[in-house]
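Beneath this line is the structure, given in structure tokens, with notes to follow.
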Amino acid sequence: IIHECDLVIDNDSSPSHVATAFGIPTIVLFSQAIKKIFRPYHQEKDQHFIFYNDVNCRECELTKCNDRICLNFSSDEVYTQALQMLSIKKTEP
-8 IIHECDLVID NDSSPSHVAT AFGIPTIVLF SQAIKKIFRP YHQEKDQHFI
42 FYNDVNCREC ELTKCNDRIC LNFSSDEVYT QALQMLSIKK TEP
């Protein structure tokens, strides 16, 4: 299914890595994970975008807070980024 997508929007989990392997543009919404370690492996600069809030409580693993500021992304921002990326053709791996 992922191979047939034009764009994958995902949290920091395996579908974004599978999409990257197929050369499909991705938008990844990072929470507490460290983007430097868990980002998609092969990143073409204009094919992958990471939403990431650099907050002091990064180590909480989403278990100690109620406001989840690390996930404070605007749906308008994600939508605008998705429209921009849909204009980019997927590359063959």
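Start counting the sequence shown at -8; every next residue gets the next number (our numbering). For each residue, glycine too, the CB sits at the ideal point set by N, CA and C. Please read all numbers here as calculations on a predicted model, not as lab measurements.
Problem set entry | Residues bridged to Asp1 (per DSSP) | Val19
For this session: Look at the alpha carbon of Val46 and the alpha carbon of Ser22, and state the distance between them as a whole number of angstroms.
Result: 10 Å
Exercise. What does a CB cutoff of less than 6 Å around Leu62 pick up in its chain, not counting 5 residues either side in sequence?
Worked result: Ser22
Exercise. Using the C-alpha atoms, what's the distance from Asp67 back to Leu74?
Worked result: 11 Å
For this session: Measure the alpha-carbon distance for Phe42 versus Ile18 and round it to whole angstroms.
Result: 7 Å
Problem set entry | Nearest-angstrom Cα separation, counted from Leu20 out to Met76 | 15 Å
For this session: Determine the DSSP secondary structure at Ile60, reduced to helix, strand or coil.
Result: In the structure shown, Ile60 adopts helical secondary structure according to DSSP, grouped into three states.
For this session: Just mark Asp3 as buried or exposed, buried being the case when its beta carbon has 16 or more other beta carbons within 10 Å.
Result: Buried, because 16 or more other Cβ atoms sit within 10 Å of the Cβ of Asp3.
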